[in-house]
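In UniProt numbering, the protein residues as written are 1 to 121. Ideal Cβ positions, reconstructed from N, Cα and C, are used throughout, including at glycine. Below is one structure, written out as structure tokens, with a few remarks after it.
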């Protein structure tokens, strides 16, 4: 049959198992805390990496926009200069044509005046 201190030994075994369970629960709790800290650190790291990447992409996009604006401004300036030159050339051409027309009219009037004078004489 059973030894006289059987119940005492059973109780000690139960206490030892209970202690092991408590240690196991504590270890799991510590592991959960460590995992939670790791996850939050990982989340923070990933978020910062994404922010850096987005910031770099935003800067690159802004630089491209600025380059496009600069090219557009240069194109507008070139077109403006070309239009001004065309207008100046057209004005010179118009002045030349007007002068030529006036000279022809003057010559015509002088010839007519001369003919009329000759007819009267």
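Same chain only: Cβ atoms within 6 Å of residue i, ignoring 5 sequence neighbours per side
i	result
residue 19	none
residue 95	none
beta-carbon residue i near the ligand GDP non-hydrogen atom, thresh 6 Å
i	result
residue 112	With respect to the ligand GDP, the structure shown offers nothing to examine, as it has no ligands at all.
Close-in-space but distant-in-sequence residues of the same chain around residue i (CB under 8 Å, 5 per side omitted)
i	result
residue 116	none
residue 146	Nothing can be reported for residue 146: it is not among the residues displayed for the chain, which extend from 1 to 121.
residue 65	none
Proximal residues to residue i (C-beta, below 7 Å), its chain only, five neighbours per side dropped
i	result
residue 14	none
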